[in-house]
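A.B. asks: In terms of our numbering, the sequence shown is residues 28 to 512. This structure is in structure tokens; I'll ask about it shortly.
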Amino acid sequence: MSTSVRIRGIYTTALTELLLAEDYDVVQASPAIRRRFDADVAGGDHDVAVETTDDRQGVGVEGEPPAVAELTARLREVGIDTFAWDDPTPRAGVFDGRVTDTRGGGAVVDLGVGEGYLPFRNVDDRIESGDSVRAQVIDPAAPWSDDRPLLDTEIRAFAGLATLVPGQSGTTVDTYDDAAGRELAGMTDLLDADVPEGWGVRWSHSATEADMATLSAALTRASERARQLTEAGVGGTGDASGSDAVGASGAGGAQADDPRPVVTPGAGRWVWFGRASRFALDDLRRAVTTTMPGHHRTKAASTAASAGVDFAEALCDPTGEFPFGVVTDQFGPTEGDSVTIGHGKPDGRLIVLGTGEVTDRDADGTLSIRREMSPGGDYDALGVPRESGDVASTTFREGRWWYPTVYRDAEGTRKGTYVNICTPVECFPDTVRYVDLHVDVVKHRDGTVERVDDDELDASVAAGEVSTALAEKARSVASAVENAL
Numbered sequence: 028m029s030t031s032v033r034i035r036g037i038y039t040t041a042l043t044e045l046l047l048a049e050d051y052d053v054v055q056a057s058p059a060i061r062r063r064f065d066a067d068v069a070g071g072d073h074d075v076a077v078e079t080t081d082d083r084q085g086v087g088v089e090g091e092p093p094a095v096a097e098l099t100a101r102l103r104e105v106g107i108d109t110f111a112w113d114d115p116t117p118r119a120g121v122f123d124g125r126v127t128d129t130r131g132g133g134a135v136v137d138l139g140v141g142e143g144y145l146p147f148r149n150v151d152d153r154i155e156s157g158d159s160v161r162a163q164v165i166d167p168a169a170p171w172s173d174d175r176p177l178l179d180t181e182i183r184a185f186a187g188l189a190t191l192v193p194g195q196s197g198t199t200v201d202t203y204d205d206a207a208g209r210e211l212a213g214m215t216d217l218l219d220a221d222v223p224e225g226w227g228v229r230w231s232h233s234a235t236e237a238d239m240a241t242l243s244a245a246l247t248r249a250s251e252r253a254r255q256l257t258e259a260g261v262g263g264t265g266d267a268s269g270s271d272a273v274g275a276s277g278a279g280g281a282q283a284d285d286p287r288p289v290v291t292p293g294a295g296r297w298v299w300f301g302r303a304s305r306f307a308l309d310d311l312r313r314a315v316t317t318t319m320p321g322h323h324r325t326k327a328a329s330t331a332a333s334a335g336v337d338f339a340e341a342l343c344d345p346t347g348e349f350p351f352g353v354v355t356d357q358f359g360p361t362e363g364d365s366v367t368i369g370h371g372k373p374d375g376r377l378i379v380l381g382t383g384e385v386t387d388r389d390a391d392g393t394l395s396i397r398r399e400m401s402p403g404g405d406y407d408a409l410g411v412p413r414e415s416g417d418v419a420s421t422t423f424r425e426g427r428w429w430y431p432t433v434y435r436d437a438e439g440t441r442k443g444t445y446v447n448i449c450t451p452v453e454c455f456p457d458t459v460r461y462v463d464l465h466v467d468v469v470k471h472r473d474g475t476v477e478r479v480d481d482d483e484l485d486a487s488v489a490a491g492e493v494s495t496a497l498a499e500k501a502r503s504v505a506s507a508v509e510n511a512l
């Protein structure tokens with residue numbers, strides 16, 4: 028039986044083309060996708076959901092664990108600079124946590140394998156630092172983002188079209204079509220599914236368009252999830268979920284002394300697309316519909332840029348190279364703008380190296396950024412002190428696998444050059460983005476050239492974070508830079 032996938036966001040057409048060719052069933056498609064693929068796109072519930080992240084840098088993959096693992100492995104093959112990471116706090120996961128801090132609108136909760144954010148509106152009782160809380164992830168967060176997973180103390184059994192809610196009576200339908208909602212609510216009792224006692228049914232709007240077999244399968248899956256939660260001591264008749272599970276003493280009886288996962292019914296992974304991967308996705312999309320060069324690269328830049336791409340493609344059939352000058356003229360960055368340097372790590376983290384001013388920008392994709400450095404410590408690998416008045420001049424070029432930073436003191440004397448080896452650079456309006464590949468090349472102020480951190484790259488390969496092909500590319504680029512210097 029084929030795996031069914033629901034896809035949302037700017038990568039939908041390309042990923043639909045990719046997955047249909049791999050015999051996946053793409054379901055719950057938008058009208059535009061249905062028009063592009065005709066009868067190739069089916070109805071029905073999904074085993075896996077693929078959704079573009081809010082910053083458009085990649086996708087989240089969530090659903091049944093075997094299907095998530097299989098699909099993510101395929102997505103990693105999109106391009107050499109595609110990365111994937113497990114989500115330790117996936118959607119629907121239930122955790123016994125401890126409040127570590129309270130903010131204006133909610134609390135930061137230690138979940139044992141990460142942190143989450145619990146808005147006060149999702150808690151009936153007052154909570155303070157040190158309190159125990161049982162909560163469920165309702166909106167996960169990508170590892171490269173600044174956000175924490177969003178939590179709720181209402182524990183539910185999520186399963187695509189159907190959700191079961193403990194303590195709810197009857198059936199509700201989340202739809203704007205009242206007539207279709209009433210019809211679906213009336214049909215629910217006719218479905219061949221054994222809903223556990225004490226759980227109510229909540230249907231999504233998409234369920235109003237599903238046939239009886241699909242609805243029955245969705246409700247059966249939700250019921251299985253509910254039983255899984257009940258067996259773990261979460262939800263169901265008589266369980267102290269919701270507000271009763273919150274309190275300084277860990278009321279509810281099931282909380283552990285230490286924060287820990289209680290049950291994770293589904294799995295989640297995060298996939299980040301680099302520049303080469305985005306252009307590979309362009310090729311897939313171009314096989315289906317008009318696609319300008321750099322379609323996904325431009326759409327990933329900003330919401331305004333995304334709308335601009337749609338407009339341009341609606342007017343004409345663009346061909347040629349990625350128009351870096353046109354895109355940056357329209358959306359940035361340009362001279363005088365401030366941009367951050369988004370230094371991604373192969374383990375999924377994003378480290379901001381600082382903010383600088385764009386001092387020069389060429390249509391060929393070159394961007395020069397000047398940063399004033401704060402004193403303290405030494406510059407990595409160069410072994411020279413970071414002093415007051417130091418200036419870092421960094422030159423990025425769109426699509427290049429490396430970039431140099433020249434450090435100078437207050438008098439303009441060069442203190443050294445650091446060349447970072449990375450995935451192909453992308454110069455977005457507010458951030459220059461890439462993933463660091465560990466190995467780097469430095470040129471000391473006496474002219475000595477040194478290659479560093481090969482061991483860190485080896486360790487990253489051994490850990491499964493960097494593929495063998497990507498590591499070989501990084502070493503090849505490092506060797507070329509070393510010889511050039």
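In this text, a Cβ means the ideal position worked out from N, Cα and C, and glycines have one as well.
Return the chain-ordered list of same chain residues with a C-beta closer than 7 Å to the C-beta of T361, the five sequence neighbours on each side being excluded.
C.D. replies: Translated into the one-based positions of the sequence shown, residue 361 becomes position 334. Hits under 7 Å: T355, V385, R388.
A.B. asks: Can you name the start and end residues of the beta strand (DSSP E) that V290 belongs to?
C.D. replies: Taking the sequence shown and counting its residues from 1, one reaches residue 290 at position 263. Unbroken beta strand (DSSP E) run through V290: 287-290.
A.B. asks: Going along the chain, which residues of its own chain have a beta-carbon closer than 7 Å to the beta-carbon of A2, five neighbours each way excluded?
C.D. replies: Shown here, the chain extends from 28 to 512; a query on residue 2 therefore has no answer.
A.B. asks: How would you label L102, buried or exposed, when you count the other beta carbons within 10 angstroms and need 16 or more for buried?
C.D. replies: Start at 1 with the first residue of the sequence shown, and residue 102 comes out as number 75. Buried, since its Cβ has 16 or more Cβ neighbours within 10 Å.
A.B. asks: Once you ignore the five residues that flank T80 on each side, which residues in its own chain have a CB closer than 7 Å to its CB?
C.D. replies: Residue 80 sits at position 53 when you count from the first residue of the sequence shown. V86, G87, A169, listed in sequence order.
A.B. asks: Need the endpoints of the beta strand (DSSP E) that A111 sits in, please.
C.D. replies: Taking the sequence shown and counting its residues from 1, the one referred to as residue 111 is at position 84. 109-113 is the span of the beta strand (DSSP E), which, as asked, contains A111.
A.B. asks: Could you give the first and the last residue of the continuous beta strand (DSSP E) run that contains T199?
C.D. replies: In the sequence shown, the residue the question calls residue 199 occupies position 172. Taken as a continuous stretch (DSSP letters only), the beta strand (DSSP E) holding T199 covers 198-200.
A.B. asks: Do you know offhand how far S196's Cα is from G225's?
C.D. replies: Indexing the sequence shown from 1 puts residue 196 at position 169. Indexing the sequence shown from 1 puts residue 225 at position 198. So the alpha carbons of these two residues sit roughly 8 Å apart.
A.B. asks: Looking only at its own chain, which residues have a Cβ that is under 6 Å from the Cβ of S329, when we skip the five neighbours before and after it?
C.D. replies: Within the sequence shown, numbered from 1, the residue matching residue 329 stands at position 302. So the qualifying residues of the chain are F358, P456.
A.B. asks: Where DSSP assigns a beta bridge to F18, which residues make up the other side?
C.D. replies: Absent from the model: residue 18. The displayed extent of the chain is 28 to 512, so no value can be given.
A.B. asks: On a Cα-Cα basis, can you pick out the residue from G124, S494, R33 that is closest to L464?
C.D. replies: Numbered from 1 along the sequence shown, position 437 holds the residue referred to as residue 464. L464 has its Cα closest to that of S494, out of G124, S494, R33.
A.B. asks: Check K370 in the structure and name its three-state DSSP category.
C.D. replies: Sequence index remark: in the sequence shown, residue 370 carries index 343 (1-based). It should be noted that the sequence gives His, not Lys, for residue 370. Three-state result, H370: strand.
A.B. asks: Just checking, does the segment 329-341 make contact with the segment 121-129 on the three C-beta pairs under 8 Å criterion?
C.D. replies: With the cut-off at 8 Å, the segment 329-341 and the segment 121-129 do not touch.
A.B. asks: Put Q84 into one of helix, strand or coil per three-state DSSP.
C.D. replies: For the purposes of this step, residue 84 is taken as residue 57 along the sequence shown, with counting starting at 1. Coil, per DSSP.
A.B. asks: Threshold first: 3 residues or longer. Then list the beta strand (DSSP E) segments lying entirely within the segment 112-148, N to C.
C.D. replies: Entirely contained in the segment 112-148, the beta strand (DSSP E) runs reaching 3 residues are, in chain order, 121-129, 133-137, 142-146.
A.B. asks: Locate the alpha helix (DSSP H) running through Q357, then write down its first and last residues.
C.D. replies: Walking along the sequence shown from the start, residue 357 turns up at place 330. That run of the alpha helix (DSSP H) goes 351-358.
A.B. asks: Measuring CA to CA, which of G295, A237, S233, A206 is closest to L218?
C.D. replies: Your numbering for residue 218 matches position 191 in the sequence shown. If we check each option's Cα against that of L218, A237 comes out closest.
A.B. asks: Determine the burial state of K500: buried for a count of at least 16 other Cβ atoms within 10 Å of its Cβ, exposed for fewer.
C.D. replies: Looking up residue 500 in the sequence shown gives position 473. With 16 or more Cβ atoms within 10 Å of its Cβ, K500 is classed as buried.
A.B. asks: Taking the alpha-carbon positions, what's the A526 to P115 distance?
C.D. replies: Lying before the first or after the last residue shown, residue 526 is absent from the chain, which here runs from 28 to 512.
A.B. asks: With a floor of 3 residues, list each beta strand (DSSP E) that falls wholly inside the segment 415-465, ordered by position along the chain.
C.D. replies: The qualifying runs are 418-424, 429-435, 441-449.
A.B. asks: Where does S159 sit, in a helix, a strand or coil, going by DSSP?
C.D. replies: As a working note, residue 159 is residue 132 in the sequence shown. Correct three-state label for S159: strand.
A.B. asks: Which word fits L342, buried or exposed, when buried means at least 16 other C-beta atoms lie within 10 angstroms of its C-beta?
C.D. replies: Taking the sequence shown and counting its residues from 1, the one referred to as residue 342 is at position 315. When all chains shown are included, L342 counts as exposed.
A.B. asks: Would you list the one or two residues that DSSP bridges to R398?
C.D. replies: Position 371 of the sequence shown holds residue 398. Partner(s): A419.
A.B. asks: Flag this pair as touching only if the segment 133-147 and the segment 182-195 have three or more C-beta atom pairs under 8 Å; answer yes or no.
C.D. replies: Contact between the segment 133-147 and the segment 182-195 is absent, because fewer than three Cβ pairs lie under 8 Å.
A.B. asks: Please list the terminal residues of the continuous beta strand (DSSP E) segment that includes S31.
C.D. replies: On the sequence shown, residue 31 is found 4 positions in, with the first residue counted as 1. Per DSSP, S31 belongs to the beta strand (DSSP E) from 31-35.
A.B. asks: Alpha carbon to alpha carbon, how far is T180 from A272? Give it in angstroms, no decimals.
C.D. replies: Looking up residue 272 in the sequence shown gives position 245. Looking up residue 180 in the sequence shown gives position 153. Note that A272 has pLDDT 44, beneath the 50 cutoff, so the model's placement of it is unreliable and the number below is only indicative. Roughly 8 Å between the two C-alpha positions.
A.B. asks: Tell me the residue span of the alpha helix (DSSP H) that contains V336.
C.D. replies: One-based indexing of the sequence shown puts residue 336 at position 309. Taken as a continuous stretch (DSSP letters only), the alpha helix (DSSP H) holding V336 covers 330-342.
A.B. asks: Rounded to a whole number of angstroms, what is the C-alpha to C-alpha distance between R413 and R435?
C.D. replies: The residue labelled residue 413 in the question sits at position 386 within the sequence shown. The residue labelled residue 435 in the question sits at position 408 within the sequence shown. Going by the C-alpha atoms only, they are around 10 Å apart.
A.B. asks: Count the other C-beta atoms from every protein chain shown that fall within 10 angstroms of the C-beta of R175, then say buried if there are 16 or more, exposed otherwise.
C.D. replies: One-based indexing of the sequence shown puts residue 175 at position 148. Its Cβ being crowded by 16 or more others within 10 Å, R175 is buried.
A.B. asks: If you follow the alpha helix (DSSP H) that T241 is part of, which residue opens it and which one closes it?
C.D. replies: Indexing the sequence shown from 1 puts residue 241 at position 214. Counting along the chain, the alpha helix (DSSP H) containing T241 begins and ends at 239-258.
A.B. asks: Within 10 angstroms of its Cβ, does E91 collect 16 or more other Cβ (buried), or is it exposed?
C.D. replies: In the sequence shown, the residue the question calls residue 91 occupies position 64. With 16 or more Cβ atoms within 10 Å of its Cβ, E91 is classed as buried.
A.B. asks: Spell out a yes or no on whether the segment 466-476 and the segment 390-401 are touching, meaning 3 or more CB-CB pairs, one atom from each, closer than 8 Å.
C.D. replies: With the cut-off at 8 Å, the segment 466-476 and the segment 390-401 do not touch.
A.B. asks: Alpha helix (DSSP H) containing V95: first to last residue?
C.D. replies: Your numbering for residue 95 matches position 68 in the sequence shown. Per DSSP, V95 belongs to the alpha helix (DSSP H) from 92-102.
A.B. asks: Identify which residue in R398, S57, L211, T30 has its Cα closest to the Cα of I37.
C.D. replies: Counting from one through the sequence shown, the residue named residue 37 turns up at place 10. Comparing Cα positions, the closest option is S57.
A.B. asks: Since W299 and Q84 should fall inside the 8 Å C-beta cutoff, what is the C-beta to C-beta distance between them, to a whole number of angstroms?
C.D. replies: The count along the sequence shown starts at 1 and reaches residue 299 at position 272. The count along the sequence shown starts at 1 and reaches residue 84 at position 57. Their Cβ separation, rounded to whole angstroms, is 6 Å, which keeps W299 and Q84 in contact under 8 Å.
A.B. asks: By DSSP's criteria, F185 is part of a beta bridge. Which residues make up the other side?
C.D. replies: As a working note, residue 185 is residue 158 in the sequence shown. For F185, which the question treats as bridged, DSSP gives the partners T190.
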